[in-house]
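J.: Shown below is the structure under consideration.
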Amino acid sequence: MNGLLEENCSISAENTYSIHWGFGVFEPLNLKLLHLAGISLFKEVCCLGVCIALAACSALPDITTRTVSTSLSSVESQRTTLGQRIAPLMAPHPGQSGVYSIANPRESFAMRVLLSQAAERTLDLQYYIWHDDTTGTLLMSALYKAAERGVRVRLLLDDNGTAGIDDEMWVLDLHPNIEVRLFNPFLNRSFKALGYLTDFSRLNRRMHNKSFTADGQATVIGGRNIGDEYFGATTGVLKADLDALLVGSVVEEVSMDFDRYWASQSSYPVADIVESLSQTDEQRVLRAFSKVATQPAAKGYLDAIEKSDFISRLLKGEAPLLWSEVRLVTDDPAKGLESMEGEQLLIRQLDEILAKPQSSVMLVSPYFVPTKAGTEAFVEMVGRGVQVHILTNALEATDVLPVHAGYAKRRKTLLASGVKLYEMMRLASGGAQQNRATGFGSSASSLHAKTFTIDGKRVFIGSFNFDPRSMHLNTELGFVIENPVLARDVEQSLTTVLPALAYEVRLDDKGDLYWLDNRGETPRRFDHEPNSGWFKRASVAVLKWLPIEWLL
390 MNGLLEENCS
400 ISAENTYSIH
410 WGFGVFEPLN
420 LKLLHLAGIS
430 LFKEVCCLGV
440 CIALAACSAL
450 PDITTRTVST
460 SLSSVESQRT
470 TLGQRIAPLM
480 APHPGQSGVY
490 SIANPRESFA
500 MRVLLSQAAE
510 RTLDLQYYIW
520 HDDTTGTLLM
530 SALYKAAERG
540 VRVRLLLDDN
550 GTAGIDDEMW
560 VLDLHPNIEV
570 RLFNPFLNRS
580 FKALGYLTDF
590 SRLNRRMHNK
600 SFTADGQATV
610 IGGRNIGDEY
620 FGATTGVLKA
630 DLDALLVGSV
640 VEEVSMDFDR
650 YWASQSSYPV
660 ADIVESLSQT
670 DEQRVLRAFS
680 KVATQPAAKG
690 YLDAIEKSDF
700 ISRLLKGEAP
710 LLWSEVRLVT
720 DDPAKGLESM
730 EGEQLLIRQL
740 DEILAKPQSS
750 VMLVSPYFVP
760 TKAGTEAFVE
770 MVGRGVQVHI
780 LTNALEATDV
790 LPVHAGYAKR
800 RKTLLASGVK
810 LYEMMRLASG
820 GAQQNRATGF
830 GSSASSLHAK
840 TFTIDGKRVF
850 IGSFNFDPRS
860 MHLNTELGFV
870 IENPVLARDV
880 EQSLTTVLPA
890 LAYEVRLDDK
900 GDLYWLDNRG
910 ETPRRFDHEP
920 NSGWFKRASV
930 AVLKWLPIEW
940 LL
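See below:
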């Protein structure tokens, strides 16, 4: 996949802020109202100026005195129950790792809770977003219960995705067995967007990594953040995603990588960032941890935990694992502060591992901005006889219009070269059934998985979007899995479910775009972006022509 990368940056929905100062509307013919409005405006501008001045004067806390901790040594981790039960499974597969793909969102949630229950010594978690909703609170409660049993918990969160959970993070961090750190924290907790005005270069760089590691022996990785929309627990926008549980040699690498991020110059103890709580508020949070399991919304997730038998089968040596060569690819955490080059970047590691595809590429990315260089590379692949299939979100399913515009401006060139394009529909709840291998057949209404297969032999699973932000601004974590069985499963599943999930994008004889909905006996044709209003389409048309690709 050499040549697909071009230096750039982007802004995704997950790290974009909408700023509205509320200046109001006044009638210009009424001089009194005009005068009053002017005073009000003056006050608000002064208030804003004070806020900016305070933000500019604020400084990040000193981190030289923070505690030092590392993951378990291989000897220590092997002494845990997980280590003792996994060792016999690893013995026939030296140097390899066991892989279990997790597409079903509730199974993915249950896997994390069950790992927290199985852990005896350590839990290390790294996430971009953590919501204060049902699944987010259930998982916080699980961490607290593990700490109560004596498990050491380290939780590293990107601060851009921690809205509404300052109190919960404070309470977790109070526990003697739990430590919480924030990556590139915002100092203004009530209005984070102010930080961009005074410290944009730092705050524009985020930690997008996701991993959940127990006792240094088993880890859940992939694209999911922590929140109801990622685990199918909401009637709103759901996210179709793909995770995997890994055991074996690569898990030690995941633990070492977590240690690098934990000790990086971008990671700050949460107690130095958020406001302290009164004992009354602390008790309120603890009550929420204990009561969340009694809420009606939690029932389906408690049932999923009860029904999931994977961890028990793993402990019995009966888990259905695909033993494979698995290579971790990761950004240096220093990317969170400045541009990194060469081997320190995930994209360079991917280039070296994957080299030039020989026969096929199937790429899935919710935010797909190929840029000029990437488009030329895909065109070159097709010219060499490589079959290229790409699945991304349709306009109706995307949550970031500028990113869709960055992709849309390259559509015709890609199609004209022979690239096959598919766009995920915004499916209603109760739509297509979940597909075990990939999850792309879920009733989710928006694509969130980040994966691709190469030559039917290799699979990538991780946090990396195929856009310039993942390439050059956010830190990312991913895994290249050498396993033809898994690659074929992903490819066959995509081929099977695409007609029920995605529009096929084509060019007609005049070079104009059209979309085919292949559900039903007769395909339905659209001559413009399906199920989108004229204003939305007009907005994309304008954005396509603006010189903003460097921002996408």
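In the working numbering, the protein residues as written are 390 to 941. Don't be surprised by glycine CBs; every beta carbon is placed ideally from N, CA and C.
Hey, out of L836, I850 and L739, whose CA is closest to L784's CA?
T.: Residue L836 is the option with its Cα nearest to L784.
J.: Could you have a look at S486 and say whether DSSP puts it in helix, strand or coil?
T.: S486: strand per DSSP, three-state reduction.
J.: Just reading off the alpha helix (DSSP H) that V502 is part of, what are its end residues?
T.: It spans P494 to A507 - the alpha helix (DSSP H) in which V502 sits, taken as one unbroken run.
J.: So D632 and R649 are in contact, right, with Cβ under 8 Å, and what is the actual spacing, rounded?
T.: With a Cβ gap of about 22 Å, D632 and R649 do not count as contacting.
J.: What's the gap between the Cα of D721 and the Cα of L583?
T.: About 27 Å.
J.: Which residues bound the alpha helix (DSSP H) around F767?
T.: Unbroken alpha helix (DSSP H) run through F767: T760 to G772.
J.: Can you tell me whether G637 is helix, strand or coil according to DSSP?
T.: Reduced to three states, the DSSP call for G637 is strand.
J.: Mapping DSSP to helix, strand and coil, what is K949?
T.: The displayed coordinates of the chain run from 390 to 941. Any statement about residue 949 would go beyond what the structure contains.
J.: Exposed or buried, what is H520 when buried is set at 16 or more other beta-carbons lying within 10 Å of its beta-carbon?
T.: That one is buried.
J.: Measuring only between beta-carbons, confirm whether E707 sits less than 7 Å from chain C.
T.: Absent here is chain C; the protein component of the structure consists of one chain.
J.: DSSP three-state label for K809, please.
T.: Of the three classes helix, strand and coil, the one that applies to K809 here is strand, per DSSP.
J.: Give the straight-line distance between the Cα atoms of K899 and N854, rounded to the nearest whole angstrom.
T.: Cα to Cα, the separation comes out at about 32 Å.
J.: Please return the same chain residues whose Cβ sits closer than 6 Å to the Cβ of W559, not counting the five positions on each side in sequence.
T.: Here the set comprises V663 and L666.
J.: Do the CB positions of T781 and M596 come within less than 7 Å of each other?
T.: Their beta carbons are not under 7 Å apart, which means T781 does not touch M596 by this criterion.
J.: Report yes or no: do three or more beta-carbon pairs, one from the stretch 733–741 and one from the stretch 701–715, lie closer than 8 Å?
T.: Touching, no.
J.: For the alpha helix (DSSP H) that I700 lies in, which residues bound it at each end?
T.: Taken as a continuous stretch (DSSP letters only), the alpha helix (DSSP H) holding I700 covers F699 to L704.
J.: What do you get for V457, buried or exposed, if any count of 16 or more other CB atoms within 10 angstroms of its CB means buried?
T.: V457 is exposed by the Cβ-count criterion.
J.: Evaluate F580 with the Cβ neighbour count: other Cβ atoms within 10 Å of its Cβ, from every protein chain shown; 16 or more gives buried, anything less gives exposed.
T.: By the 10 Å Cβ count, F580 comes out exposed.
J.: Verify whether the separation of the beta carbon atoms of G867 and G845 is less than 7 Å.
T.: Result no, Cβ atoms of G867 and G845 do not sit closer than 7 Å.
J.: In terms of alpha-carbon separation, which member of P759, T683 and R800 lies closest to D901?
T.: Checked all of P759, T683 and R800; the closest Cα to D901 is R800.
J.: Less than 7 Å separating the beta-carbons of E812 and A891?
T.: Yes, Cβ-Cβ distance for E812 and A891 is below 7 Å.
J.: According to DSSP, is I662 part of a helix, a strand, or is it coil?
T.: Coil at I662, not helix or strand.
J.: Take V758 as the anchor and find which of I843, K798 and Y517 has the nearest alpha-carbon.
T.: When only C-alpha atoms are compared, the closest one is K798.
J.: Is it true that the CB of G525 sits closer than 7 Å to the CB of G621?
T.: Against a cut-off of 7 Å, the Cβ pair of G525 and G621 comes out as no contact.
J.: State the start and end residues of the unbroken beta strand (DSSP E) segment that holds W559.
T.: Unbroken run through W559 is the alpha helix (DSSP H), D555 to L563; no beta strand (DSSP E).
J.: Going along the chain, which residues of its own chain have a beta-carbon closer than 6 Å to the beta-carbon of E871, five neighbours each way excluded?
T.: Answer for E871: S713, E714 and R847, listed in chain order.
J.: So, R948 versus D604, is the Cβ gap smaller than 7 Å?
T.: What is shown of the chain runs 390 to 941, which leaves residue 948 out entirely.
J.: Quick one: grab the DSSP three-state call for D604.
T.: D604 falls in the coil class under three-state DSSP.
J.: Okay, do the stretch 669–679 and the stretch 551–571 touch, 3+ Cβ pairs below 8 Å being the bar?
T.: Short answer: they touch.
J.: Judging by CA-CA distance, which residue of S754, L896 and G637 is the nearest neighbour of K628?
T.: That would be S754, whose Cα lies nearest to the Cα of K628.
J.: Using the Cα positions of F1011 and V792, report the straight-line distance between them to the nearest angstrom.
T.: Residue 1011 is absent from the structure shown; the chain starts at 390 and stops at 941.
J.: State the CB to CB distance for the pair Y533 and L563, rounded to an integer number of angstroms; the pair is presumed to be in contact (CB under 8 Å).
T.: Actually they do not touch by this definition, with Cβ atoms about 10 Å apart.
J.: For Y892, which three-state DSSP category applies?
T.: Three-state result, Y892: strand.
J.: Which whole-angstrom value is the C-beta distance of F767 and V808, which I expect to be below 8 Å?
T.: Right, their Cβ atoms sit about 5 Å apart.
J.: Comparing alpha-carbon positions, which option in L743, F915 and M770 lies nearest M814?
T.: Among L743, F915 and M770, the Cα nearest to that of M814 belongs to F915.
J.: At the level of alpha carbons, what is the spacing between I610 and D630?
T.: Rounded to whole angstroms, I610 to D630 spans 11 Å at the Cα level.
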